[in-house]
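Remarks on the structure that follows.
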Amino acid sequence: MIYYKKNCKKRLTNDSSATIMNKQIYMLYVHVRGKGILEAEMENIKQKPVGLLILRLFPPETAWKLLIQILSVFSALLVGAVVIKLIGGSPGAAYRALLVGSMGNLKAVMETLVKATPLIFTGLSFAYAAKAGLINIGAEGQLYMGGFLATLVGSSFGWMPLIIHLPITLLAGFIGGGLWGLIIGWLKVKFGANEIITTVMFNYVAIYFISYLVTGPMIEPPGTYPQSRPITDTAILPRFFQGSRLHWGFIVALLCVFLFWFFFRKLKVGYESRVVGSNFEAAKYAGMKPAKVMILIMFIAGGMGGLAGANEILGIQGKLFQGFSPGYGFDGIAVALVGMNSPFGIILGGILFGALRSGGNMMQMIAKVPISTIYIIQSLVIIFVIAGQMITLENRRKLLAIFRRNNGSE
Amino acid sequence: MSINILEMKNITKTFPGGVIANKNINLKLRKGEVHTLLGENGAGKSTIMNILSGLYSPDSGNILINEKPVSLNSPKDAIKYGIGMVYQHFQLIPELSVVENVILGIKQRREPFLDIKGSADRILEYSNKYNMGIDPCAMVWQLSVGQQQWVEIIKALYRGARILVLDEPTAVLIPQEIDQLFNMIRQFTAADFSVIFISHKINEVKEISDRITILRKGQKVNTVETSEVSKPELAEMMVGREVLFKAYKKKAVPGVPALVLDKIEADNSKGLQALKIVSLAVKKGEILGIAGVDGNGQSELVEVIMGLRKSTSGSVKVMDKDVTNAHPREILDCSVGHIPEDRRVSGLMLEMNLRENLILHDYHTVPHSKFLLNWKFIKEHAEKLIEDYDIRTPNSDVLAGKLSGGNQQKLILARELHGNPDILVAMHATRGLDVGAIEYVHKNIIAQRDAGAAILYVSTEIDELLNISDRIAVIHSGEIMGIVNPDNVTIKELGLMMAGSKKDTLL
Amino acid sequence: GQKDEIADDGKLKVAILLPGVITDQGWNTLAYNALKAMEKNLDAEIAYTENTPASDYEELFRGYANAGFDVIMGHGFEFGDAAKLVAKEFQDKYFIVTSTMISQEPNLASFVINDIEAGFVEGYIAAMLTKTGKIGTIGGMEIPPIANQQKGFLAGAKYYNPDVEVNAVYTGSFHDIAKGKNMAKAMIETGVDILTPNADETSLGVVEAAREVGVTIVAGGGSDLGEKNGDIVLLSLMQDYGRVFTLLVQSTLDGSFKAEPLVMGLAEGVTSLSSYRGNITLTTDQKVKIDTLVADLISGKVDPMDYTD
Amino acid sequence: MEVSNTILQIISSFIEADLRVAAPILIAAIGLLYMEKAGVVNIGAEGTMLIGALAGSIGAYLFQNPWMGALVAALAGGLVGVMFAYLVVTVKANQIVAGIAINILALGGTTTVNRIFFGLNASSSDIPSFTKVAIPLLSEIPVIGSLFNQLGLAYLAILMVPFTYYLMKKTTIGLSIRSVGEHPESADTAGINVFRIRYGTIIIGSMIIGVAGAYLSVGLLSFFSENMVSGRGYIALASVIFGKWNAFGVLGATLLFGFGDALQIRMQAIGSAIPYQFLLMLPYLLTVAAWSGFVGKAVAPKASGKPYFKG
Ligand SMILES: Nc1ncnc2c1ncn2[C@@H]1O[C@H](COP(=O)(O)OP(=O)(O)OP(=O)(O)O)[C@@H](O)[C@H]1O
Ligand SMILES: Nc1ncnc2c1ncn2[C@@H]1O[C@H](COP(=O)(O)OP(=O)(O)OP(=O)(O)O)[C@@H](O)[C@H]1O
Ligand SMILES: [Mg+2]
Ligand SMILES: [Mg+2]
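Chains as they are written, first to last, in this note's numbering: chain A, 1 to 410; chain B, 411 to 917; chain C, 918 to 1226; chain D, 1227 to 1537.
Shown next as structure tokens:
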């Protein structure tokens, strides 16, 4: 930190063409120091378009949180290293593999994004519901139902051109998951059925239902393998480059993140949802229809889960079969909460867990670290990150005080 | 010469976020005295008492009990030293019975088993001694607010309190209950208990206390003998300026009836009848006060008007439009403003910021939104309202939950009044506010009346109703006991009607 | 020298993708043991991925290929499509997929150990041994190797005695052992006295249930369940994946590798019967009948397909 | 006569099966009930059970005694409880995420430890397990006699129901727990140490959940296998809510689930024509349907899921 301070200050004061990177670090530093202290300088930065952009992307609170999160992830990896050592592995080799596998080269980065894609969707699924005060543990089931409907549409209508067929198929995925979520909302509103229970139960139901479909009515002729007919080419999410699996689904995910932001920021119903989530009584008093809002939100949340499924089927698998999700629905919960239900946070959270997954594969392959150890590291990351988030709220002042003292400034 | 049973020395407390709630406060409590803490909203009264009760820990300062320094790290410690606290926001658990609430955390005779029967008997003893009329086996949610106050007091006594702290106990009591409370307090002091009393009502303070300590902005202004100060002096010490006790108001010029209730009946949430053939008409340009003890159907009345509760018979008309059992949105859209009963329960979204709270009723209308929300306008508008209504906050980014009670109420006023509604339904609009803030609220509501609004003003404060209303309807057990003119009715008559006598039987 | 993990030191490198965990005492343990055998017999460097998520099949094939592995195997039909795709990209590597019938020139082969045939033998023996006339088979999920085994089981039982009552169920899980036990108990209550589990770990639950009541197990699923549960398992129909794997990998070394699907079974000695153990003693007559059936299947005199519908 | 006898036998075995399926879920649900009553939602029950299952088999193996297995499982569960409590009480982390973290940790941790300890080929023969204890006379009663021929732990599970019920209703500690769950601040002002109650209930509850895991690995079965809990922790959590946070309600909820499962299994066993996947769905659908049909709005402890911030 001290290092940043000296460097950045110098650069910023005597070099107006400081790079974006420097400015980011500088901003981070300014934020850590606390609001207000350097407001004049912040104003200064606001004058410049790039500075404004950074300020938009990293408002002070966000920057502080981000810093804490990064430190948390590193602490988790540190403890993970001890675990690897304990089971007789080599932490150095393991983390080299993790790094190489998740961002060692362009291909690895793209693979990380491939894995981040469904996680962003399921993260959104949880976040939509959470913003309206609902806890959606059901993204996994919604994912399967979305995958199912997308497969149904995507494996028929092959005569349509891609430009029509693909969007319709994605929509089908959205609707498949959406309806599955809608039932949850309806049960809640109509019968007061607790959504934690119903979503957990519906996950099982969906998984068995898919199992039934692919061994029964949807089985690919002649019926040798329990999987559906392949998706026609006109409904496949195109890949960007030869040799990488990164496909258009990622763009769709980013679009959905934008829509998520747009929904809650710009739309009336988004505002209503947040009011419902934050004070149900107030929503009633203000003449909103909280029941309808809840059902709608569960439909959209389910839809996001459904898109995660459609994305996997149309972008990666090309057909429906049992167990095609490795628990993306559950990881989405962690993604949303680590990302604090914010659009930007969900993207970062998705990438973080995507990186753990792709890097984890490499750890298994090269460093021969067993999958179980990778789970341990993953859980450590979650634990440290959520613990770190509390530092943000509670101890920021104390930390700042210590920080200032150590810096000898002010 | 009585000794100081309690002494608080140089107490300082800063909250995270930087609010200095108490700064070097010194306080001495004599044995057997009633000592009042007086101060504006947010002056730090509750904070210092919470420190005394062990709930908060001070940044610095000492506490002495019987001249010996003690450390109060938790409510448990405070209880041990005989400090009994009745909190401003009751600390009763509605889902539990009276006995369970009282014996919570107390070692039982046949530990680990609860001694429900024995405890109930003891509670009954207290209840009889102080004439409280408490059923120990009732669930707390079944009790009226006044009774809950008694339960809080029993709770403190049951734990062997010698120092009783009452944080704004009278804010939620009706006149008869206040008399009853003062009798209790006199019984306590007669038994050599000491009482710390917090209130915004200067009349009461003059009546009950021996000495008064005035706080302003977290600091002690003075400690005075009650007999040596006048009411205006107190008010001025508290607010730092002169205060008008009587709202200045012109004679009302009532117009046509704007809000008309015709033979309304409705049930409460437990399915019992809450309103019995209520007929009322509020005219434009008048304030109709609704007086009554809490829980006599006021909430249901307001809810029926606002479309939040279905009436079982009768009709509601707003400006000649029948809105019986209409959706709340439809009613609000008829230019109806609503100051809800409890700002924290239904009025505000505490985790949302000020501008988001301010648009709660308008967000769906132009120019707040056309197809999309126009945050630029919303922000500018919010900042204007914050200025107009003198809401003390750095900016509109602040979360509503972070405002002090008085400012939260102003936030609601700003939201409900800025559009100059034709009809305003206000409930407990000044509950817990200091004299300065009350003055402010009254001024605004009267201004609305003068601008031609029809105002239904529900309150449990008789003084306030007499002060502000043009007519007062008294409600008891869901029935209107009569409508009186505030200029020729006595407090006693109102009290009797609130207790269930019909107006005609009084005359 | 940082790349030593993936450096090519001339040693044969073999990797396998597993759908489950190596401790499941069934499908995945079989493959793991096969891999271990290769490590020993062929002096190969080995690697494996457990619990392979479907979303990563392709990427893992590619990853191992990139990391210099010579032979990469997918243990299950579900790996077929991904293998086809990646095999094209890495023509100098060999790909092998099990329990499916796919191939792709020049480097993708597959093999199936005849599950119908194995099920046929199991059903035949079960039908022969039952006293109540009711037998049952408990599968994990309805996937080809298990569905085929159940098909064969039914055929074999009917081949022995058309009147025997056959119950074929699925637990829906390969690792919910308690469910396997409950399922088996329920079957036993309906009068089933010979059980054939084929559900990996869940099979262990079936064994426990059988042990409690004292009914007999004729084990399916390919591993020798009786090795540790000799008290209750009469015999296991063993499928020697290790041998096939070793055979195929060896063929990549000596150049005899053929990109074609293989079906193997009793005739090739890949499927075999374990020794008799368990809680009942077979009569000589019964043993002869079993031996005859096996001989007939090998010679082709009996074709299970003739008895399935 | 013959027919009615078989019917009786089927009912009898049905009851037994119901209890067999329900018992581990019941134990876990009772454990969860303690912390739920104190306002803590623990989705990590699944992982805690898994850890208990492994610890149970290790304990039983080391001491060659199933009861020691249960004890070790309880200790291991308690340890997980300490961690969970630290996260949600002290650090005030989101309870759902903390629970998820525990589940993932358990999945990885148990696999790792299992392989280190038992190697790759665990064998049941070395691990002693609980045996059935028939209660004299009672177990002879026709039809319901099978109820009285259960594992020792199952009786314990059943006994815990009234015990927990009365503990919550009639004792000071129960009152304290309830008050913390409803309104921690009030409890605090009444002199109750909210942190201690939450820590206590989480740790005790997690110990019980650990035993529920041991019920699987040294009771129902006699070995550990990776991921053997298979969702029972989630079902237990659902049972607590479904049982309206009341011990007897929880018993009812777990029995209903057990009923669904027993029914499902029997329908498969008698060769039902319905695809097996639909039968497998049965217990889950039954739970949702029962909830929607009969339970209505539930009364959760008011402070459920919320951390307590002291001033
Ligand atoms: N959902 C929201 N919740 C709270 N504050 C918001 C929200 N949306 C916008 N604001 C605030 O309202 C103000 C105006 O926002 P807005 O983005 O419309 O600004 P702008 O100057 O119009 O910029 P733009 O060029 O992006 O339209 C900002 O200070 C922003 O922080
Ligand atoms: N928990 C808290 N966190 C942050 N600030 C607080 C907290 N409690 C009180 N404050 C602030 O401390 C100041 C003093 O509050 P306190 O509750 O003591 O006032 P009071 O004199 O009791 O007012 P009132 O008459 O409205 O009850 C206020 O500015 C308030 O906003
Ligand atoms: Mg106060
Ligand atoms: Mg704008």
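From the three backbone atoms N, C-alpha and C, an ideal C-beta is built for every residue, glycine too.
Contacting residues, own chain, Cβ-Cβ under 7 angstroms from residue i (five flanking each side not counted)
{"i": "A/ILE75", "result": "Just to set this straight, residue 75 of chain A is Ser in the shown sequence, not Ile. The answer, listed in chain order, is PHE384."}
{"i": "A/ILE361", "result": "Per the sequence shown, residue 361 of chain A should be read as Asn rather than Ile. Here the set comprises GLY101."}
{"i": "A/ILE412", "result": "For chain A, the structure presents residues 1 to 410; residue 412 of chain A sits outside this window and is missing."}
{"i": "C/LEU1071", "result": "GLY1040, VAL1083 and ALA1085"}
{"i": "B/LEU567", "result": "GLY494 and TYR536"}
Heavy atom of ligand 2 within 8 angstroms of residue i beta-carbon
{"i": "B/HIS445", "result": "no"}
{"i": "B/ASP844", "result": "yes"}
{"i": "B/ILE612", "result": "no"}
{"i": "B/VAL851", "result": "no"}
{"i": "B/ALA431", "result": "yes"}
{"i": "B/ASP370", "result": "Residue 370 of chain B is absent from the structure shown; chain B starts at 411 and stops at 917."}
{"i": "B/GLY628", "result": "yes"}
{"i": "B/GLU562", "result": "no"}
{"i": "B/ILE608", "result": "yes"}
{"i": "B/ILE415", "result": "no"}
{"i": "B/LYS925", "result": "What the structure shows of chain B is the stretch from 411 to 917, and residue 925 of chain B is not part of that stretch, so it cannot be assessed."}
For residue i, the three-state DSSP class (helix, strand or coil)
{"i": "B/ASN538", "result": "helix"}
{"i": "C/GLN942", "result": "coil"}
{"i": "B/ARG519", "result": "coil"}
{"i": "C/ALA932", "result": "strand"}
{"i": "B/ASP677", "result": "strand"}
{"i": "B/GLU505", "result": "coil"}
{"i": "B/LYS912", "result": "coil"}
{"i": "B/GLN683", "result": "strand"}
{"i": "D/LEU1447", "result": "coil"}
{"i": "C/PHE1007", "result": "coil"}
Sequence-distant residues of its chain with Cβ nearer than 6 angstroms to residue i (five each side left out)
{"i": "D/PRO1410", "result": "VAL1420, ALA1529 and TYR1534"}
{"i": "A/MET21", "result": "Since pLDDT at A/MET21 reaches only 43, below the 50 mark, its modelled position is unreliable, and the value read off the structure follows with that caveat. Within the same chain, A/MET21 has no close Cβ partners at all."}
Spatial neighbours of residue i in its chain, beta-carbon cut-off 8 angstroms, leaving aside the 5 residues before and after
{"i": "A/GLU39", "result": "Caution applies to A/GLU39, whose pLDDT of 47 falls short of 50 and renders its modelled position unreliable; the model cannot decide the point."}
{"i": "D/GLY1270", "result": "VAL1306, PHE1310, ALA1324, GLY1325, ILE1326, ALA1327, ILE1328, ASN1329, ALA1332 and GLY1459"}
Discussion item. Measuring CB atoms only, is the segment 168-181 of chain A touching the segment 304-314 of chain A, in the sense that at least three cross pairs come out at less than 8 angstroms?
Written reply: Three or more Cβ pairs drawn from the segment 168-181 of chain A and the segment 304-314 of chain A lie within less than 8 angstroms of each other, which places the two stretches in contact.
Discussion item. Taking contact to mean 3 or more Cβ pairs, one atom from each stretch, closer than 8 angstroms, check whether the segment 926-940 of chain C and the segment 984-995 of chain C are in contact.
Written reply: The segment 926-940 of chain C and the segment 984-995 of chain C touch, with no fewer than 3 CB-CB distances between them shorter than 8 angstroms.
Worksheet item: Are there three or more Cβ pairs, one per stretch, closer than 8 angstroms when the segment 864-881 of chain B is compared with the segment 839-849 of chain B?
Response: Taking a cut-off of 8 angstroms for Cβ pairs, the segment 864-881 of chain B and the segment 839-849 of chain B touch, as three or more such pairs fall below it.
Item to complete: Output the residue ranges of the alpha helix (DSSP H) runs that lie fully inside the segment 1300-1345 of chain D and measure 4 residues or longer, sorted by chain position.
Response: Segments of the alpha helix (DSSP H) lying fully in the segment 1300-1345 of chain D: 1321-1344.
Worksheet item: Is the segment 671-691 of chain B touching the segment 710-724 of chain B, taking contact as three or more C-beta pairs under 8 angstroms?
Response: Output reads yes: the segment 710-724 of chain B touches the segment 671-691 of chain B.
Practice prompt. Please determine if the segment 264-274 of chain A and the segment 738-755 of chain B are in contact, where contact requires at least 3 C-beta pairs separated by less than 8 angstroms.
Written response: A contact is defined here as three or more CB-CB pairs under 8 angstroms, and the segment 264-274 of chain A fails this definition with respect to the segment 738-755 of chain B.
Item to complete: For the segment 734-814 of chain B, list the beta strand (DSSP E) runs that are entirely contained and at least 3 residues long, ordered along the chain.
Response: 746-749, all fully within the segment 734-814 of chain B.
Practice prompt. Please specify which runs of the beta strand (DSSP E), each continuous and at least 3 residues long, are wholly inside the segment 1235-1284 of chain D, giving them in chain order.
Written response: Qualifying beta strand (DSSP E) stretches: none in this window.
Worksheet entry | Entirely enclosed beta strand (DSSP E) segments - the segment 150-184 of chain A, minimum 3 residues | List check, beta strand (DSSP E) in window: nothing returned.
Fill in: Start-end ranges of the beta strand (DSSP E) lying completely within the segment 1159-1207 of chain C, minimum 3 residues
Those beta strand (DSSP E) runs which fall completely within the segment 1159-1207 of chain C and span 3+ residues are 1178-1181 and 1188-1190.
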